[in-house]
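Engineer: Here it is, the structure, as structure tokens.
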Ligand code: ADP
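Numbering (our numbering), first residue to last: 4 to 263.
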């Protein structure tokens, strides 16, 4: 049997109810149990409104559940003060969003360095880290540029650099390829795959089966519940992709007959 401490992230009976007790009450998450191992690569999929963003936000401490618990490295997040949660975020979590949340009034270098500047890290260490990470993500030539002159793919690389700058174990991404074309999406997923091979744990929300086929595990959410978990194991990416497409297709067929 596994104990909680074996997992980097764990949700126990996670429930989120918006507008509780009101006429527009919505149960976004309904008693979700999920454990994520170190070096896992999990994609969360499901139809629009199924609870994916709420789940990732509750798991990554950006939102609070109505009931249930979240453990990061075995520590109950809900029992922590907001100061300790901020420290946890800084040390353990890197975020990548669809809209990449870059600050366009700052250049690429300062966007990447921002978390370390805020934490008052020695400028020489910041400089070394920014250059090292920019080189890894192939954007060294952009460091002095303004972010609003960068392409969508470059902006997501900058966003990944910023997420990596504090050396977190876990990278959380919500629809990171949402604004990218197919070529840039595949390039971004190859970067995520490489990061996972280097030891990072990844938790990514996507609606795209092709993107999900890069993962090791797929968590399929429907109406706030986990409907199915698929594991890639030794399957080819193509076979895994076909399995993922089949769960999606099953859902669309059910929705079609419910609405017609
Ligand atoms: P997904 O990411 O799968 O599209 P969400 O987690 O965004 O799903 O939403 C799950 C459900 O919760 C949806 O019915 C959505 O309308 C509702 N919801 C999400 N955020 C809020 C909010 N801030 N207030 C009220 N309802 C919300």
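In this text, a Cβ means the ideal position worked out from N, Cα and C, and glycines have one as well.
Since the structure is predicted, the reported quantities are computational estimates derived from the model, not experimental observations.
1) Using only CA atoms, which one of 37, 222, 71, 49 lies nearest to residue 20?
2) Can the beta-carbon of residue 17 be found less than 9 Å from the beta-carbon of residue 65?
3) Taking 8 Å as the cut-off, does the CB of residue 56 come closer than this to any heavy atom belonging to the ligand ADP?
4) Excluding five sequence neighbours on each side, which residues of the same chain lie with their C-beta closer than 8 Å to the C-beta of residue 192?
5) Are the Cβ atoms of residue 111 and residue 88 separated by less than 9 Å?
6) Can you name, in chain order, every residue of its own chain whose Cβ lies under 8 Å from the Cβ of residue 118, other than the five neighbours on each side?
7) Keeping to the same chain, check which residues put their C-beta closer than 7 Å to that of residue 115; ignore five residues upstream and five downstream.
8) Roughly how many angstroms separate the alpha carbons of residue 56 and residue 174, rounded to a whole number?
9) Looking at the secondary structure, which residues open and close the beta strand (DSSP E) in which residue 40 lies?
10) Let me check one thing: in DSSP terms, what residues is residue 44 bridge-paired to?
11) Pick from 194, 190, 15, 10: whose alpha carbon is nearest that of residue 42?
12) Report whether the distance from the Cβ of residue 113 to the nearest heavy atom of the ligand ADP is below 8 Å.
13) May I have the straight-line CA-CA distance separating residue 7 from residue 145, to the nearest angstrom?
14) Considering only the beta carbon of each residue, do residue 178 and residue 210 sit closer than 9 Å?
15) What separation, rounded to the nearest whole angstrom, lies between the Cα atoms of residue 2 and residue 96?
16) Kindly indicate which residue of 148, 108, 187 has the alpha-carbon position closest to the one of residue 155.
17) In the DSSP assignment, find the unbroken beta strand (DSSP E) run with residue 70 in it and report its ends.
18) Look at the Cβ atom of residue 29, then the Cβ atom of residue 22, and state whether they are nearer than 9 Å.
19) Does the ligand ADP have a heavy atom nearer than 8 Å to the CB of residue 45?
20) Only counting the same chain, and skipping five residues up and downstream in sequence, which positions put a Cβ closer than 6 Å to that of residue 46?
21) Taking the DSSP output, what are the residues bridged to residue 220?
22) State the CB to CB distance for the pair residue 99 and residue 176, rounded to an integer number of angstroms; the pair is presumed to be in contact (CB under 8 Å).
23) What did DSSP end up calling residue 252 once you bin it into helix, strand or coil?
24) Please look up how many angstroms separate the CB atoms of residue 224 and residue 54, rounded, as I've assumed it's under 8 Å.
25) With a threshold of 6 Å on Cβ separation, who are the neighbours of residue 230 within its own chain once the five nearest residues in sequence on each side are excluded?
Structural biologist: This is what the structure holds:
1) 71
2) Taking 9 Å as the cut-off, the Cβ atoms of residue 17 and residue 65 do not count as close.
3) yes
4) In its chain, beyond the 5 residues on either side, 180, 214, 217 have a beta carbon closer than 8 Å to the beta carbon of residue 192.
5) no
6) 93, 165, 168, 169
7) 133, 136, 137, 161, 164, 165, 168
8) If you take the alpha carbons of residue 56 and residue 174, they lie about 15 Å apart.
9) 29-40
10) 205
11) The option with the nearest alpha carbon to residue 42 is 10.
12) no
13) With a pLDDT of 47 at residue 7, under the threshold of 50, the modelled position of that residue is not reliable, and no figure is offered here.
14) Cβ distance < 9 Å, so residue 178 and residue 210 count as in contact.
15) The displayed coordinates of the chain run from 4 to 263. Any statement about residue 2 would go beyond what the structure contains.
16) Cα-wise, what sits closest to residue 155 is 187.
17) 70-75
18) yes
19) no
20) 207, 209, 215, 218, 221
21) Paired residue(s): 45, 234.
22) 4 Å
23) helix
24) About 5 Å separates the two Cβ atoms, so the contact holds.
25) 223
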